[in-house]
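First up is the structure itself, then whatever we jot down about it.
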Amino acid sequence: MPATTTQVALGLNRGQLGAATFTNAETLCWVAIQGGGVYGNITSINWSSERSGTTIDRWADTNGVNLYNYARAFNQTPAIILLASQFMSGTQGQWAGGAPSSHTATQWAAFVDETTESDRSGNTESVAALSFLYSGSYDSNTAPNVTNLTDPPNGAYLNNATVDLNFTATDDQATLFNCSLYTDFTGSWLRNQTLADVAKGTEINFTKTLPDGTYTWNVLCSDAFLLTDWYDANRTFTIDTTTPAITNISATSVTDITAVINWKTDENANSSVNYGLNTALGEFSINSILVTIHGVLLSGLNATTLYYYNVTSCDTAGNCATEGPYNFTTTDEPDSAAPLIQNVTADPYETNATISWDTDESSNSTILYGTSPTGLTNQATNINYVQEHILTLSNLTPLVQYFYNVTSCDPLGNCNSSSTYNFTTYDLTPPSVTLTQPGSGATHEGLTVDLTFRVADNVAGSIPNCTLYTNASGTWQANGTQTNLIQDQHYIFTRTFERGTYLWNVACQDSQGLMGWDTNRSFTVTDLPVTVTLISPEDEG
2 MPATTTQVAL
12 GLNRGQLGAA
22 TFTNAETLCW
32 VAIQGGGVYG
42 NITSINWSSE
52 RSGTTIDRWA
62 DTNGVNLYNY
72 ARAFNQTPAI
82 ILLASQFMSG
92 TQGQWAGGAP
102 SSHTATQWAA
112 FVDETTESDR
122 SGNTESVAAL
132 SFLYSGSYDS
142 NTAPNVTNLT
152 DPPNGAYLNN
162 ATVDLNFTAT
172 DDQATLFNCS
182 LYTDFTGSWL
192 RNQTLADVAK
202 GTEINFTKTL
212 PDGTYTWNVL
222 CSDAFLLTDW
232 YDANRTFTID
242 TTTPAITNIS
252 ATSVTDITAV
262 INWKTDENAN
272 SSVNYGLNTA
282 LGEFSINSIL
292 VTIHGVLLSG
302 LNATTLYYYN
312 VTSCDTAGNC
322 ATEGPYNFTT
332 TDEPDSAAPL
342 IQNVTADPYE
352 TNATISWDTD
362 ESSNSTILYG
372 TSPTGLTNQA
382 TNINYVQEHI
392 LTLSNLTPLV
402 QYFYNVTSCD
412 PLGNCNSSST
422 YNFTTYDLTP
432 PSVTLTQPGS
442 GATHEGLTVD
452 LTFRVADNVA
462 GSIPNCTLYT
472 NASGTWQANG
482 TQTNLIQDQH
492 YIFTRTFERG
502 TYLWNVACQD
512 SQGLMGWDTN
522 RSFTVTDLPV
532 TVTLISPEDE
542 G
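Sequential numbering from 2 applies to the sequence shown in our numbering.
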């Protein structure tokens with residue numbers, strides 16, 4: 002009979018862990034092992050054969066990657082020696098009959114119900130069952146520890162598409178079984194790459210090349226006993242390889258001794274002007290604030306003099322763009338005119354408002370504001386010299402009227418202020434309702450029930466109305482309303498029910514018509530227990 006190949010497949014609880022093949026003179030056998038799986042540091046697998054020949058031991062992980070491959074002669078009972086990482090890679094399992102105590106060697110047998118042999122022509126027949134003896138040891142029950150995601154720092158901005166994601170992990174074993182990188186690179190949180198036999202206490206890295214974007218990552222490490230550990234919290238980083246686009250470059254508010262260089266960028270970036278009396282430039286004026294509307298003051302200039310300049314902006318990731326050179330000529334007279342303020346507008350929201358205006362020359366920005374026209378005690382400023390002014394007022398109170406004016410001063414200190422304007426913030430948050438009694442799933446003895454709640458809102462004042470909803474009638478509907486409720490006080494709807502289980506909730510509406518609910522609660526109503534009192538005849542005892 003021509004030579005055929007016999008493959009022994011180690012099929013355990015959670016999938017095939019590996020395979021061994023050997024060649025002999027007669028049969029092709031597939032063997033499936035039934036029963037419990039294996040867990041721990043497997044040191045050897047032994048089987049018996051009635052024939053002699055040559056074996057090729059090829060052990061593969063669940064992805065078919067060869068981890069152990071060599072050939073040798075055998076005579077009936079060859080021994081195969083495996084490392085835990087070679088045998089267990091990418092798998093999970095468990096001890097048959099429960100895990101033994103630490104550092105205890107254990108042997109057990111798994112038996113095959115049926116073995117089918119076939120030749121190359123496809124002829125098959127059943128043969129006697131074979132048995133396999135496993136030897137293993139359980140060396141640890143301590144999970145590894147991912148001690149740090151060392152680089153990039155959390156929230157970092159990177160201007161290189163290739164990034165090293167570095168981490169360090171420890172364990173009580175010499176090496177960790179594997180460590181996997183988890184990311185949202187594809188838009189979903191998935192395992193991205195796995196490294197096997199990771200050295201403990203050593204900085205390890207995954208190298209990735211990514212498009213521009215913001216990403217989240219973490220590392221999960223497993224030891225030989227499939228005990229795992231994540232780093233404490235996910236990390237984020239942003240890759241930005243695009244330089245800012247610079248437009249609208251101009252020299253404004255030019256006087257005999259000053260000038261303001263203005264430009265715009267399509268993303269937040271800093272501002273730098275390199276200027277001088279010729280195209281070699283050499284003098285710098287820098288503003289490190291990240292903005293999209295840029296204005297840099299040049300001072301100490303000479304009257305009626307030609308100056309050259311270029312502009313540079315760098316974003317958070319360090320991508321820089323430069324435009325120039327351009328030029329301007331200073332005047333022979335100082336500037337005594339104040340900026341002209343126009344187009345003042347307010348765009349309010351719930352707790353903030355954006356104020357904008359224009360000036361006819363480059364100037365700084367100041368807003369005074371408050372809750373009365375004579376009490377403008379709060380201030381917001383921007384020292385950049387621009388002609389398009391935008392400032393945001395923060396930490397405002399919802400549904401409150403605010404008054405404000407704006408002031409702009411040019412580089413020579415000529416200032417102008419607007420008249421007083423006003424705006425009202427919005428209320429976009431519904432009331433917060435808390436159901437207090439009865440508790441969810443509670444049982445109430447007696448058919449009359451007090452349904453207790455309280456309500457609060459982000460705007461001061463009373464709550465116009467709160468309505469009880471129940472399914473007492475068989476359908477979900479309103480069952481009474483209370484009006485003009487004081488915030489954070491307890492209120493009660495008292496209702497009588499038949500025996501049974503009910504749902505209830507309370508909907509409260511604020512002055513803007515916004516409706517707030519709690520989560521539906523359930524309760525069960527039962528009769529009061531019956532008390533029997535014996536009156537006559539009296540106890541003779």
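Where a beta carbon is used, it is the ideal one built from N, C-alpha and C, also for glycine.
Check: So with Cβ pairs under 8 Å, would you call threonine 243 a contact of chain D?
Finding: Judged by its chain identifiers, the structure shown contains no chain D, having just a single protein chain.
Next item on the list: Can you tell me the Cβ-Cβ gap for leucine 291 and alanine 270, rounded? I've got them flagged as a contact below 8 Å.
Entry: 6 Å
Item checked: Within 8 Å, strictly: CB atoms of valine 353 and serine 395 -> The sequence given here has asparagine at residue 353, not valine. Contact: yes.
Notebook entry, point to check: Mapping DSSP to helix, strand and coil, what is glycine 325?
Noted result: strand
Next item on the list: Determine the extent of the beta strand (DSSP E) in which aspartate 152 is found, giving its start and end residues.
Entry: 146-152
Next item on the list: Mind listing, in chain order, the continuous beta strand (DSSP E) runs of no fewer than 3 residues lying wholly within the stretch 305-389?
Entry: 307-315, 321-330, 342-349, 354-371
Notebook entry, point to check: Alpha carbon to alpha carbon, what distance is there between threonine 266 and glutamate 324?
Noted result: 11 Å
Check: tryptophan 190 by DSSP, collapsed to three states: which one?
Finding: coil
Check: Going by other Cβ atoms of all chains shown within 10 Å of its Cβ, with 16 needed for buried, is phenylalanine 178 buried or exposed?
Finding: buried
Check: If you check the beta carbons only, do proline 432 and leucine 515 fall under 8 Å apart?
Finding: yes
Item checked: Residue burial classification, glutamate 362 (beta-carbon count within 10 angstroms, cutoff 16) -> buried
Checklist line | Start-to-end residues for the beta strand (DSSP E) that takes in asparagine 206 | finding: 205-210
Next item on the list: Pick helix, strand or coil for proline 465, following the three-state DSSP scheme.
Entry: strand
Note to self: Give me the residue from Ser272, Asp511, Thr280 with the minimum Cα distance to threonine 326.
What the structure shows: Looking at the sequence provided, one finds proline at residue 326 rather than threonine. When each option's Cα is compared against that of proline 326, the closest is Thr280.
Next item on the list: Since I believe alanine 508 is in contact with threonine 468 (beta carbons under 8 Å), could you give me their beta-carbon distance rounded to a whole number of angstroms?
Entry: 5 Å
Next item on the list: Just the C-alpha distance for arginine 500 and serine 474, rounded to the nearest angstrom, thanks.
Entry: 12 Å
Next item on the list: Check each candidate in Gln488, Asp336, Tyr422 and name the one with the smallest Cα separation from leucine 369.
Entry: Tyr422
Next item on the list: State the start and end residues of the unbroken beta strand (DSSP E) segment that holds valine 401.
Entry: Per DSSP, valine 401 belongs to no beta strand (DSSP E) and is neither H nor E.
Notebook entry, point to check: Quick one: any contact between the stretch 316-323 and the stretch 156-174, if contact means 3 or more CB pairs under 8 Å?
Noted result: yes
Check: By a C-beta neighbour count over all protein chains shown, 10 Å radius and 16 as the cutoff for buried, is phenylalanine 424 buried or exposed?
Finding: buried
Next item on the list: State the start and end residues of the unbroken beta strand (DSSP E) segment that holds tyrosine 422.
Entry: 422-425
Next item on the list: Let me know the secondary structure DSSP gives aspartate 257 once reduced to three states.
Entry: coil
Item checked: Collapsed DSSP secondary structure at asparagine 288 in the structure displayed -> strand
Next item on the list: Determine the direct distance from the alpha carbon of valine 255 to that of glutamate 334, and round the result to whole angstroms.
Entry: 10 Å
Notebook entry, point to check: Does DSSP put phenylalanine 524 in a helix, in a strand, or in coil?
Noted result: strand
Note to self: Using only CA atoms, which one of Thr372, Glu351, Cys410 lies nearest to aspartate 359?
What the structure shows: Cys410
Check: Hey, how far is the Cα of valine 274 from the Cα of alanine 322?
Finding: 12 Å
Checklist line | Outcome for asparagine 485 when other beta-carbon atoms lying within 10 angstroms are tallied against a minimum of 16 | finding: exposed
Notebook entry, point to check: The beta strand (DSSP E) with tryptophan 231 in it runs from where to where?
Noted result: 229-231
Item checked: Cβ neighbours of threonine 449 in the same chain (closer than 6 Å, five flanking residues each side left out) -> Thr497
Next item on the list: Answer yes or no: do alanine 175 and aspartate 230 have a C-beta to C-beta separation smaller than 8 Å?
Entry: no
Note to self: I'd like to check one pair, asparagine 385 with asparagine 288: are the Cβ atoms closer than 8 Å?
What the structure shows: yes
Check: When you compare only the Cα positions, how much space is there between serine 555 and aspartate 489?
Finding: Not covered by the structure: residue 555. The range shown for the chain is 2 to 542.
Next item on the list: Return the residue from the list Val261, Ile342, Asp185 that minimises the CA-CA distance to tyrosine 309.
Entry: Val261
Item checked: the ligand FAD heavy atom lying under 7 Å from the CB of alanine 304 -> For the structure depicted, the ligand FAD is absent and the ligand set is empty, with no information on it obtainable.
Item checked: Separation of valine 147 from leucine 83, as counted between CA atoms -> With a pLDDT of only 28 at leucine 83, under 50, the local geometry of the prediction cannot be trusted, and the value read off the model is given with reservation. Going by the C-alpha atoms only, they are around 27 Å apart.
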